[in-house]
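In terms of the numbering used here, the sequence shown has 116 at position 77, counting the first letter as 1, and numbering is strictly consecutive.
Idealized CB from N, CA, C, for every residue including glycine.
For clarity, every value in this text was computed on a predicted model and none was experimentally measured.
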Amino acid sequence: MLVEELPAVEPVDVDWSHVERLLPRRTVPTPTDKVAYPSGWTPQRGNPSLPYSVRRSVNHMLPVYLRIMEDGVKRLTVVRNVRGDIWKLHDELKRHLEEANSRYIASRVNEVSLYVQFKGEYVQQVKDWLRERGL
């Protein structure tokens with residue numbers, strides 16, 4: 040087939056606005072400012088008096104996760120995206136968890152990967168503690 044035989048390209052002006060609104064968004068929108076949300080979610084207030092901070096995830100959620108290993112026997116609570124003095128956050132959070140649970144809690148700090156890890160299932164306690172501090 041020769042180039043001369045190809046049909047000409049015809050531009051079509053189509054309004055894609057109805058289709059584009061159905062497509063998934065490329066980024067998560069910034070939440071609107073409200074005092075309280077029905078789900079109980081709270082925005083990050085930030086506390087400049089603290090020497091550390093915990094950056095929220097892309098979905099604006101606290102980066103506190105439960106890792107279940109060894110067929111569900113070993114449970115680890117992980118706090119990621121820690122910025123600033125990671126050791127200060129570790130010490131204060133560990134002290135809070137030990138007082139709340141009345142026992143010693145093994146923990147680990149990874150300065151390179153910016154996370155703190157606690158042996159046991161303390162996800163909700165850690166999230167509540169972080170929210171109290173505006174993180």
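Test item: CB-CB of residue i and residue j under 9 Å
{"i": "L174", "j": "G85", "result": "yes"}
{"i": "R122", "j": "S92", "result": "yes"}
{"i": "V118", "j": "Y143", "result": "no"}
{"i": "R147", "j": "N120", "result": "no"}
{"i": "P176", "j": "D130", "result": "Residue 176 is absent from the structure shown; the chain starts at 40 and stops at 174."}
Assumed close pair residue i, residue j - CB separation to whole angstroms, cut-off 8 Å
{"i": "Q163", "j": "L136", "result": "No, Q163 and L136 are not in contact; Cβ-Cβ is about 11 Å, not under 8 Å."}
{"i": "R114", "j": "L101", "result": "Contact flag wrong, Cβ pair sits at about 18 Å."}
{"i": "P82", "j": "P70", "result": "6 Å"}
Local Cβ density within 10 Å of residue i, reported as buried at 16 or more and exposed below that
{"i": "L62", "result": "exposed"}
{"i": "T116", "result": "buried"}
{"i": "V103", "result": "buried"}
{"i": "Y161", "result": "buried"}
{"i": "L45", "result": "exposed"}
{"i": "I107", "result": "exposed"}
Residue from the options whose Cα sits closest to the Cα of residue i
{"i": "L128", "options": "S88, R64 and V58", "result": "S88"}
{"i": "N140", "options": "G79, G111, K158 and W55", "result": "K158"}
{"i": "K166", "options": "L132, V148, T66 and N149", "result": "L132"}
{"i": "R65", "options": "V112, N98 and V148", "result": "N98"}
{"i": "V151", "options": "R172, A75, W126 and E138", "result": "W126"}
Interface flag, residue i vs chain B, CB-CB below 9 Å
{"i": "N98", "result": "In the structure shown, chain B does not exist; there is a single protein chain."}
Inset, instruction - At 4 residues or longer, and completely inside the stretch 90–152: list those alpha helix (DSSP H) runs for me, N to C. - result: 125–140
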